[in-house]
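Right under this line is the structure:
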């Protein structure tokens with residue numbers, strides 16, 4: 141395609157500026173996290189990295205005191221991983237099955253159940269937060285992984301995604317399978333699921349990121365800091381930054397921030413193609 | 364009206380692939396030139412280089428004696444008809460045709476009259492308010508041509524415009540295009556992989572293969588005197604028969620198949636191995652069965668107006684096509700006696716494929 | 002709807018059961034509670050409740066803080082949607098055109114989705130920190146008296162900026178995908194018909210992107226409404242004085258922190274009505290009708 145030299149130049153300039161706009165805050169946080177707190181306190185945010193990266197990161201990863209609590213960043217990363225994976229796995233399995241039931245079967249409750257699932261789009265978690273908390277508390281699930289993950293799965297997004305995908309699968313496949321003697325469960329396991337692998341991967345990645353990045357819900361229902369995810373950990377550290385009259389632990393706080401961000405960003409960047417495919421398909 | 368000249372034009376892609384190797388071409392004013400060749404031969408690339416949609420790596424392209432290598436496509440005063448029409452889906456047909464004129468600052472009345480005139484020529488007057496998606500393939504192609512015509516450019520470029528149409532429509536549109544071009548007299552460059560289209564439309568033909576122009580000439584010239592084995596095999600349908608042959612010691616015959624001797628009149632050395640080419644329509648049944656070729660029928664295809672007979676006359680000549688007028692009742696394993704005139708035998712160098 | 006389906010089987014019930022079960026316990030029941038509580042008023046000690054019909058709703062709708070929150074939410078959502086769509090469209094068009102480094106640019110611009118809202122809020126807070134934030138210093142050095150702790154407009158600016166920063170990636174991905182859906186030959190034909198790239202964009206590309214743009218508008222509004230809780234909670238916390246509290250944030254503040262169950266439940270119900278309208282709108286005009 142023909143492009144004038146000027147156009148090519150402005151294109152690159154704009155794109156570089158855009159990339160810088162996105163990266164700057166994260167880079168500054170990272171650079172600042174590699175200095176001592178005295179240095180940051182005196183000189184403000186830093187653009188160039190300092191020499192204390194191992195020291196700072198090591199401290200928060202392994203020393204509970206560094207995060208003003210009883211839990212290390214390593215443990216928090218573990219919690220985040222559990223939440224992310226648990227949420228993604230749970231979501232994928234449950235919505236796949238529900239979508240299969242709705243698309244491939246003619247049964248009495250199909251329509252009403254579909255609308256029940258649809259209704260979850262109308263009242264996002266933030267808006268029903270108080271009663272949700274009460275329900276979980278009543279079930280004794282506060283401060284547990286189950287209580288952390290299960291309520292988040294109660295939404296329609298994954299189901300709609302698979303529903304759309306299943307509707308695009310050719311009918312002939314089912315007909316051929318039936319002639320081959322496959323019943324509904326057989327068909328699902330032997331044919332539909334293998335066919336859905338790329339879709340499953342795409343949605344898994346998105347859900348992992350969503351789970352990892354959960355904020356409000358873990359904030360409310362985990363008071364036991366052993367259960368803190370790294371995202372929550374950041375908040376706690378920031379809250380206590382100015383306590384005790386000491387020089388604020390900015391570098392360590394920034395280090396936590398970086399550690400909370402790297403895993404999901406890496407996942408999204410490495411699996412870019414799948415992620416984008418999942419995103420574009422979900423919302424369409 | 365303009366001339367288009369290519370001077371050692373080359374195209375190499377960033378990954379190193381050389382798509383066009385040094386092509387020289389001089390298209391006269393008002394001439395209809397066709398670039399023809401198999402997929403991947405570079406014909407579309409060359410066309411797009413003339414348009415400015417692909418940059419040129421070396422050499423020069425000139426329109427009306429002005430070098431346009433660095434000129435933007437919109438400034439070259441050319442118009443193009445794309446294979447899949449490339450109409451603007453969100454505009455109606457009138458606006459599709461008017462768009463180029465609007466951008467060039469023509470007055471409203473000017474635009475109105477030019478578009479209506481083009482619509483009249485192409486019989487699109489009733490469809491101007493509609494959108495492209497409401498039209499059939501053939502109609503869309505006409506809108507695409509209308510878009511090109513209204514600009515009255517110096518050069519028309521066509522990139523396989525008929526490939527997406529069904530067979531009957533292709534034949535009709537082919538004639539329309541030819542008529543249109545003759546009427547308007549605008550220099551045209553047309554790309555196709557269909558050699559029938561090429562032969563019928565072209566004032567001059569360029570047969571391309573692997574980024575190289577194997578032959579440039581009028582259709583008849585190319586048909587009668589193909590410069591290479593490739594051109595010989597590409598032009599003409601059914602394709603020319605190629606037989607492995609050896610020149611006899613006295614240089615007056617070639618030996619094909621099982622010792623079949625054919626008279627030749629070429630300048631060759633005795634004993635030389637060559638490829639002999641004979642077009643299916645140049646083989647004929649011998650009177651009284653005294654022809655030099657004894658062939659065995661393997662298969663017959665009756666097309667009504669003509670018959671294609673697939674024959675075998677020995678090794679290196681076991682897949683020969685014969686084309687006869689009318690209907691003939693041959694069956695498998697029938698023996699036929701054939702002749703061919705010496706001046707209808709083409710000889711090609713076995714290694715280079717060049718005409719001898 | 003599939004034309005071939007299984008019938009007479011217990012399988013669908015089994016397959017759909019887990020999701021329905023979870024939804025019932027963790028969605029339907031709390032949602033019902035929220036609606037129920039919106040009709041109740043607790044006494045000062047939280048000991049007993051009274052059924053007060055729509056009084057909570059009246060109180061909420063007439064309260065100044067709710068109105069301010071609602072206005073802010075609208076302004077915030079529209080600003081975030083318009084600004085981030087504009088920026089990402091601008092970037093996507095260029096990203097679609099470049100040949101060298103196309104993949105790298107895409108990678109550098111698409112990862113914003115993976116950043117948690119609270120992390121985004123933190124980064125913003127950091128950049129605007131009065132002690133050491135670069136942007137804080139930068140703005141003040143240009144003679145603006147920038148104080149987002151006390152000045153409501155400045156605070157709004159910060160929150161909008163953060164939300165835009167995060168959302169640019171998502172919009173970018175969709176626009177890029179939309180641009181790649183425009184046939185190359187149509188773009189080439191436009192190159193022949195129109196020399197100016199600007200003009201080509203507005204007359205050809207932008208109209209063809211209209212469906213994507215429209216769709217993103219709805220998505221962005223929804224995002225600004227509901228997914229910015231983390232950003233606000235970690236940056237301005239709705240300060241100064243509730244000026245940057247979106248309606249969602251206010252539900253949390255009033256309900257969880259202020260323990261005003263009736264009031265915050267009423268707000269929840271109102272929000273639910275608003276979401277329903279947005280969702281219906283989205284499905285009706287963007288996806289074809291949601292038919293079973």
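Chains as they are written, first to last, in the working numbering: chain A, 141 to 424; chain B, 364 to 719; chain C, 2 to 293.
Ideal Cβ positions, reconstructed from N, Cα and C, are used throughout, including at glycine.
Chain-order list of residues whose beta-carbon lies under 7 Å from that of residue i (same chain, five-residue window excluded)
i	result
residue 264(C)	57, 60, 61 and 255
residue 275(A)	none
residue 283(C)	219
residue 159(C)	125, 129, 149, 236 and 237
residue 407(A)	345, 348 and 349
residue 230(A)	289 and 293
Paired residues, beta bridge with residue i - DSSP
i	result
residue 143(C)	Its beta-bridge partners do not exist; DSSP assigns none.
residue 722(B)	Nothing about residue 722(B) can be read from this structure; chain B reaches only from 364 to 719.
residue 375(B)	381(B)
residue 518(B)	441(B) and 550(B)
residue 167(C)	Looking at the DSSP assignment, residue 167(C) forms no beta bridge with any residue, so it has no partner.
residue 398(B)	554(B) and 569(B)
residue 153(A)	According to DSSP, residue 153(A) bridges with nothing at all.
residue 306(A)	Answer by DSSP bridge pairing: none, since residue 306(A) is not bridged.
residue 51(C)	42(C)
residue 698(B)	659(B)
Neighbourhood of residue i by C-beta, 8 Å cutoff - its chain only, sequence neighbours within 5 removed
i	result
residue 486(B)	505
residue 381(B)	373, 374, 375 and 574
residue 192(A)	174, 175, 176 and 391
residue 15(C)	none
residue 419(B)	372, 373, 374, 412 and 432
residue 212(A)	200, 201, 202, 203, 204 and 206
Cβ-based neighbour list, residue i, same chain, cut-off 6 Å, excluding 5 preceding and 5 following
i	result
residue 35(C)	266 and 269
residue 157(C)	245
residue 663(B)	672 and 693
residue 155(A)	none
residue 444(B)	507, 508, 511, 521 and 524
residue 289(C)	Because residue 289(C) sits at a pLDDT of 49, beneath the cut-off of 50, its placement in the model cannot be relied upon, and the point is left open.
residue 12(C)	none
residue 293(C)	Unreliable positioning characterises residue 293(C) in this predicted model, as indicated by a pLDDT of 39, which lies under 50. The coordinate reading is nonetheless provided below. So the list is empty, once near-sequence residues are dropped.
CB contact below 8 Å: residue i versus chain E
i	result
residue 92(C)	This model lacks chain E altogether, as its protein chains are A, B and C.
Residues of the stretch 157 to 191 of chain C whose Cβ lies closer than 8 Å to any Cβ of chain B, in chain order
184, 186, 187, 189, 190 and 191
Three-pair Cβ contact test at 8 Å for the stretch 698 to 712 of chain B versus the stretch 635 to 654 of chain B:
yes
Whole beta strand (DSSP E) runs in the stretch 340 to 379 of chain A with 3 or more residues, listed along the chain?
Runs of the beta strand (DSSP E) inside the stretch 340 to 379 of chain A: none found.
Which parts of the stretch 570 to 615 of chain B are runs of the alpha helix (DSSP H), unbroken and 4 residues or longer, counting only runs that do not cross its ends?
When DSSP assignments are scanned along the stretch 570 to 615 of chain B, the uninterrupted stretches of alpha helix (DSSP H) that are 4 or more residues long and fall wholly within it turn out to be 582 to 587 and 592 to 597.
Please list, in chain order, the residues of the stretch 268 to 284 of chain A that have any C-beta partner in chain C closer than 9 Å.
268, 269, 270, 271, 272, 273, 274, 275, 276 and 279
Could you name each continuous alpha helix (DSSP H) segment of 4 residues or more that falls completely within the stretch 463 to 503 of chain B, going from the start of the chain to the end?
Counting only runs of 4 or more, we get 471 to 484.
Hey, is the stretch 230 to 246 of chain C in contact with the stretch 174 to 189 of chain C, meaning 3+ C-beta pairs nearer than 8 Å?
Contact check between the stretch 230 to 246 of chain C and the stretch 174 to 189 of chain C: fewer than three CB pairs, one atom from each, fall below 8 Å, which does not count as touching.
So, does the stretch 464 to 474 of chain B touch the stretch 534 to 554 of chain B, judging by three or more C-beta pairs under 8 Å?
no
Please name the residues in the stretch 197 to 231 of chain C whose beta-carbon is closer than 7 Å to at least one beta-carbon of chain A, in chain order.
198, 220, 227, 230 and 231
I'd like to know if the stretch 446 to 454 of chain B and the stretch 204 to 213 of chain C are in contact, where contact means that at least 3 CB-CB pairs between them fall below 8 Å.
With a cut-off of 8 Å, the stretch 204 to 213 of chain C and the stretch 446 to 454 of chain B count as touching, because enough Cβ pairs lie within range.
Segment contact, 8 Å Cβ cut-off, at least three pairs: the stretch 223 to 235 of chain C with the stretch 495 to 512 of chain B:
no
Counting only Cβ-Cβ distances shorter than 8 Å, please list the residues of the stretch 58 to 73 of chain C near chain B, keeping chain order.
none
Would you check if there are 3 or more beta carbon pairs closer than 8 Å linking the stretch 390 to 406 of chain A to the stretch 308 to 315 of chain A?
no
Which ranges would you report for the alpha helix (DSSP H) in the stretch 249 to 275 of chain C if only whole runs of at least 4 residues count?
Taken in chain order, the stretch 249 to 275 of chain C contains no complete alpha helix (DSSP H) segment of 4 residues or longer.
So if I threshold CB-CB distances at 8 Å, which residues from the stretch 228 to 254 of chain C count as touching chain B?
Within the stretch 228 to 254 of chain C, no residue places its CB atom closer than 8 Å to a CB of chain B.
Report the residues of the stretch 371 to 386 of chain B with a CB closer than 7 Å to any CB of chain C, ordered along the chain.
none
Chain C contacts from the stretch 463 to 478 of chain B (Cβ-Cβ distance under 8 Å)
Interface annotation for the stretch 463 to 478 of chain B against chain C: 463 and 466, criterion Cβ-Cβ distance under 8 Å.
Does the stretch 369 to 386 of chain A touch the stretch 94 to 105 of chain C, meaning 3 or more C-beta pairs lie closer than 8 Å?
no
Unbroken stretches of the alpha helix (DSSP H), 4 residues or longer, contained in the stretch 12 to 40 of chain C:
12 to 24 and 30 to 38
Inspect the CB distances between the stretch 613 to 622 of chain B and the stretch 642 to 650 of chain B and report whether three or more fall short of 8 Å.
In short, these stretches do not touch, since the Cβ pair count stays below three.
Could you tell me which uninterrupted alpha helix (DSSP H) segments, each at least 4 residues in length, are contained entirely in the stretch 257 to 296 of chain A, listed from first to last along the chain?
269 to 278 and 285 to 293
Determine contact between the stretch 22 to 31 of chain C and the stretch 287 to 295 of chain A, defined as no fewer than three beta-carbon pairs at a distance below 8 Å.
yes
In the stretch 314 to 334 of chain A, which residues sit with their C-beta less than 7 Å from some C-beta in chain C, listed in chain order?
Within the stretch 314 to 334 of chain A, the residues whose Cβ lies closer than 7 Å to some Cβ of chain C are 314, 315, 324 and 325, listed in chain order.
With three or more beta-carbon pairs closer than 8 Å as the criterion, would you say the stretch 405 to 416 of chain B touches the stretch 434 to 448 of chain B?
Contact between the stretch 405 to 416 of chain B and the stretch 434 to 448 of chain B is present, because at least three Cβ pairs lie under 8 Å.
Please name the residues in the stretch 420 to 447 of chain B whose beta-carbon is closer than 8 Å to at least one beta-carbon of chain C, in chain order.
Against chain C - using a Cβ distance shorter than 8 Å - the residues of the stretch 420 to 447 of chain B are 435, 436, 437, 438, 441, 442, 443, 445, 446 and 447.
Taking one C-beta from the stretch 391 to 410 of chain B and one from the stretch 558 to 577 of chain B each time, how about it: are there three or more such pairs within less than 8 Å?
Under the three-pair Cβ rule at 8 Å, the stretch 391 to 410 of chain B counts as touching the stretch 558 to 577 of chain B.
Just list the alpha helix (DSSP H) runs in the stretch 106 to 163 of chain C, keeping only unbroken ones of 4 residues or longer that don't cross its boundaries, in chain order.
118 to 128 and 135 to 142
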